[in-house]
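A short write-up of the structure that comes next.
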Amino acid sequence: MTDKKSTRPPEGTPEFKEWLVEQSSKHIKDIFGDNHKPADFEESGAIFGNIENLDKTDAELFPDELEEHTPEERRRKFKVHSDKAKKK
148 MTDKKSTRPP EGTPEFKEWL VEQSSKHIKD IFGDNHKPAD FEESGAIFGN IENLDKTDAE
208 LFPDELEEHT PEERRRKFKV HSDKAKKK
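For what it's worth, my numbering labels the leading residue of the sequence shown as 148, then goes sequentially.
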């Protein structure tokens with residue numbers, strides 16, 4: 148292993164603020180500079196799929212997958228709690 152010297156000065160010092168500005172300016176130039184290249188994105192998959200699949204439902208696209216909740220597991224009614232009922 149090689150020993151890398153830490154060039155980071157202690158926090159709260161004027162040297163640290165200068166170092167921080169220098170480091171951030173390097174990153175800004177890298178991101179917004181003329182030589183910046185965007186990330187390579189995959190050009191296949193759900194977003195870039197066939198146009199025929201746009202009209203299909205999830206059930207049609209993924210017939211082997213079960214529904215998230217069966218009708219028996221779903222709640223039928225919700226109980227509403229209000230502060231007005233407690234005050235009376």
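We treat Cβ as the ideally placed atom computed from N, Cα and C, and that holds for glycine.
On the CB-based measure, 16 or more other CB atoms within 10 Å of its CB, does residue i come out buried or exposed?
| i | result |
| --- | --- |
| residue 180 | exposed |
| residue 218 | exposed |
Short check: CB of residue i to CB of residue j, under 7 Å?
| i | j | result |
| --- | --- | --- |
| residue 157 | residue 166 | no |
Self-check item: Continuous alpha helix (DSSP H) assignments of at least 4 residues falling wholly in the segment 154–194
Solution: Taking only runs of at least 4 residues, the alpha helix (DSSP H) segments lying wholly in the segment 154–194 are 161–179.
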